[in-house]
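Trainee:
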Amino acid sequence: MSPRPPIRVLLADDHTLVRRGVRLILDGEPDLTVVAEAGDGAEAVAAARATEVDLAVLDVAMPRMTGLQAARELSRRLPELRILILTMYDNEQYFFEALKAGACGYVLKSVADRDLVEACRAAVRDEPFIYPGAERALVRSYLDRLHSGGGLPERPITEREEEILKLVAEGHTSKEIGELLFISAKTVERHRANLLQKLGVRDRLELTRYAIRAGLIEP
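Structure follows, in structure tokens:
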């Protein structure tokens, strides 16, 4: 019986040193191999479509397109692809957003050397992976919300508006955003006006502050 081929991994993080460290962890395992790397979410989506991969490991905070945005796009385009979110944020909202986006696991960078390999194997078995210690806090928080009459927090803006908000906050013009998202500059302006109204802010500076608070860009 011939051995099973290794799990082919796409690794996306905008920090080269982090990618290098994570790659060393994964390539050190006989059943895992990194076959593609990306420096942002848009590159990750393109790489996943151009390369045969079984698993995408995505950082949350990346330029142009976040890991969560990339996860949503990959889930739509490549439903068989397994997705893990790798993050420095021990954040309940991100965790639920990751699951909603189609990820099957959430790994903290601070313990990646301990948890990532196990999370990769679990993902390919189609099993969820929650970093140790998170389960109790997540369940307690969810029960507290139910007892107080609330559910999961609602997203104040649509996925498309979130994409545009991130790119506006990064300083892209309406024309550049339109080219990145394959929509007209006029459509971008309309979304931008809707964002200002929905979020109750006046200008790009306040949109940028909101994007930082929402974890779409790093301060």
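With the UniProt record's numbering applied, the sequence shown covers 1 to 219.
A virtual CB, placed ideally from N, CA and C, is assigned to each residue, including glycine.
1) Please go through the same chain and pick out, in chain order, the residues whose beta-carbon is closer than 8 Å to the beta-carbon of H191, but skip the five residues on each side of it.
2) Kindly indicate which residue of D203, V57, A42 and A70 has the alpha-carbon position closest to the one of V35.
3) Which same chain residues end up closer than 6 Å to G105 when comparing Cβ atoms and leaving out the 5 residues on each side of it in sequence?
4) DSSP beta-bridge partners for F129?
5) Quick check on the burial criterion: 16 or more other C-beta atoms within 10 angstroms. Buried or exposed for R82?
6) To which residues of the same chain is D113 closer than 8 Å at the C-beta, ignoring the five residues directly before and after it?
7) Taking the alpha carbon of D40 as the point to measure from, which residue in D54, V18, E97 and E52 has its own alpha carbon closest?
8) In chain order, what residues of the same chain have a beta carbon less than 6 Å from the beta carbon of E29, not counting five sequence neighbours either side?
Mentor: If we stick to the structure as given:
1) R160, E161 and I164
2) The candidate whose alpha carbon is nearest that of V35 is V57.
3) Excluding residues within five positions, the ones whose Cβ falls inside 6 Å are L84, A119, A123 and F129.
4) For F129, which the question treats as bridged, DSSP gives the partners G105.
5) buried
6) Cβ within range, chain order: I25.
7) V18
8) V117
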